[in-house]
Amino acid sequence: MATILLFLGLNFWSNQLDDLHIQDVKIYNTFFAIENGKPTFYLYGKLKPTFASYSGGAFTQYNNSNGSVYGYNINKNNVTIDGQQTHSPFGSKEVVFRIKSDPKHGLTLLNQNIYLIGKHNHKIKIYNAHTKTQPYSINQKDTQKFIKQNKLH
């Protein structure tokens, strides 16, 4: 009985959502693509520690079971991507974000800095709107080429 209770307690702890720990994320690639004529931003990465797995908030902003919102936040000059993780050694280690441009709601992407933000508000700048560069991009470090090729403003 004690073994079962211990297992249930560890399982409960390992599946609790926590803010993403920035130092645990290895970003492999960021890039823009065109979907329905609008820019869409992608981020691909992986979590490094054994007791970390990625959870939710990847494709759209939504409410989790606790009622709090996570995914991304927008202001005039910046977009911050808020990641969540669990502590399960068996969960997915892949980190994927996809954010579609939505000018009606202030999400212009190409004109906003994009940050990955984690626990204690630590953040990584993954797109610089002023210089139009992506330091973690494999093929779009100079995003201006992408903008010109797709005739975007």
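Quick note on numbering: the sequence shown equals residues 1 to 153 in the working numbering. Yeah, the Cβ is synthetic: ideal placement off N, Cα and C, and Gly gets one too.
Proximity below 7 Å, CB of residue i to CB of residue j
| i | j | result |
| --- | --- | --- |
| Y136 | I126 | yes |
| Q85 | L43 | no |
| I117 | N29 | no |
| K132 | T143 | yes |
Of the listed residues the options, nearest to residue i (C-alpha basis)
| i | options | result |
| --- | --- | --- |
| Y72 | K123, G37 and A33 | K123 |
| I74 | T133, Q85 and N111 | N111 |
| R98 | N128, T143, T131 and K38 | K38 |
| H105 | E94, V79 and A129 | V79 |
| Q23 | P103, L109, G45 and V96 | G45 |
| N77 | F31, T40, N113 and I27 | N113 |
| N121 | V96, I27, T40 and G83 | G83 |
| V25 | D102, L107 and V95 | V95 |
Distance, residue j Cα to residue i Cα
| i | j | result |
| --- | --- | --- |
| I34 | K119 | 31 Å |
| Q149 | I4 | 59 Å |
| A129 | I81 | 15 Å |
| Q61 | K145 | Per-residue confidence for Q61 stands at a pLDDT of 39, beneath the threshold of 50, marking its modelled position as unreliable; the derived number appears in the next sentence. C-alpha separation (whole angstroms): 29 Å. |
Supposed contact pair residue j and residue i - C-beta distance, whole angstroms, cut 8 Å
| i | j | result |
| --- | --- | --- |
| K93 | L47 | 5 Å |
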